[in-house]
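In terms of my numbering, the sequence shown opens at residue 3 and continues consecutively. First up is the structure itself, then whatever we jot down about it.
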Amino acid sequence: MKLYQSLGPNPRVVLMYLAETGLTLDRQFVDIMAAENRRPDFYAKSPLGHTPLLEFDDGSHIVESIAICEYLAETHAANELLGATPEQRARTRMFVRIVDQLVVVPMTAGFRGAEGLPMFRDRVLCLPDAAADLKRLAASGLEAVNDIVGAGPWIAGERFSLADILLYSFVEFGAMVGQAPDPALTHLAAWRDRVAARPSAVASANPQYGIGEPA
């Protein structure tokens with residue numbers, strides 16, 4: 003198998019998952035800044051041009067970070083980040099969905115309509131007129147997540163999970179693109195420090211977003 007990775011929070015989810023589980027994959031870097039993911043040969047692998055992408059030995063592919071992580075969990079006995087029981091796995095998926103809806107979607111759309119507009123305006127539908135509202139929506143989502151992690155130490159309680167990896171990847175991304183969390187969200191700040199102390203956070207970090215410095 004081969005993992006096609008790039009800069010960005012979604013590829014970081016998979017890299018952090020690999021670091022947590024100790025799994026290794028052959029990797030190939032895709033330069034999205036140079037639009038390598040918009041070339042015909044990459045579209046043949048990923049119809050939407052998305053990264054990360056996992057290529058199987060038979061030439062088939064799957065994209066989307068959560069799908070890739072779940073596949074690896076099911077096929078490599080590395081399911082501790084999903085959960086050991088049906089209830090734990092359901093709770094992990096529940097929180098992944100919450101983070102995706104409340105934070106990931108509006109944060110990404112807000113970025114593409116503002117700081118990321120020069121890069122994305124000719125690639126995907128961007129909403130510059132709505133960017134400020136989308137950023138406020140993402141900030142509201144972080145407020146909700148702050149309450150969730152207040153029960154801590156992790157999103158799902160005592161168990162570090164894929165939901166924490168997803169949220170951390172996007173909180174760090176947001177901090178580099180003008181969407182840093184409000185410092186008043188003290189539960190989220192403490193949670194962020196706990197995740198940052200994990201070796202996987204260091205191993206998956208990449209400062210080369212080309213946008214700014216983390217806040």
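Beta carbons: idealized from backbone N, C-alpha and C, even for Gly.
Item: Close Cβ partners of R29 (< 6 angstroms) along its chain, the five nearest in sequence each way excluded; Value: L5, Q7
Item: Own chain partners of L190 with C-beta closer than 8 angstroms, once the 5 adjacent residues on each side are dropped; Value: L144, V147, N148, V151, V173, P183
Item: Counted within 10 angstroms of its Cβ, other Cβ atoms place P108 as buried (16 or more) or exposed; Value: buried
Item: Alpha helix (DSSP H) runs wholly inside the segment 115–183, at least 4 long, in chain order; Value: 119–122, 133–151, 164–178
Item: Start-end ranges of the alpha helix (DSSP H) lying completely within the segment 11–95, minimum 4 residues; Value: 11–23, 42–45, 67–77
Item: Reference C128; option with closest CA among A140, T110, L139; Value: T110
Item: Option in P120, P130, A192, M3 with minimal Cα separation from D60; Value: M3
Item: Close beta carbons around H63, own chain, < 7 angstroms, minus the five adjacent residues each side; Value: K47, S48, L55, L56, E57
Item: Rounded Cβ spacing between V197 and Y170 (contact assumed at less than 8 angstroms); Value: 5 angstroms
Item: Collapsed DSSP secondary structure at L5 in the structure displayed; Value: strand
Item: Buried or exposed by the 16-neighbour rule on C-beta atoms within 10 Å, applied to T26; Value: exposed
Item: Contacts around A207, its chain only, beta-carbon distance under 6 angstroms, and the 5 residues preceding and following it disregarded; Value: none
Item: T87 classed as buried or exposed, judged by whether at least 16 other C-beta atoms fall within 10 angstroms; Value: exposed
Item: Whole-Å CB distance - A140 paired with Q103, under 8 angstroms assumed; Value: With 8 angstroms as the limit, A140 and Q103 do not qualify as a contact, their Cβ atoms being about 11 angstroms apart.
Item: C-alpha gap between T23 and L84, whole angstroms; Value: 11 angstroms
Item: Alpha carbon of R194 to alpha carbon of A177, nearest angstrom; Value: 12 angstroms
Item: Coarse secondary structure for R99, derived from DSSP in three states; Value: helix
Item: Nearest-angstrom Cα separation, counted from R91 out to Q210; Value: Reliability of the predicted coordinates at Q210 is poor, the pLDDT of 45 falling under 50, and no value is obtained from them.
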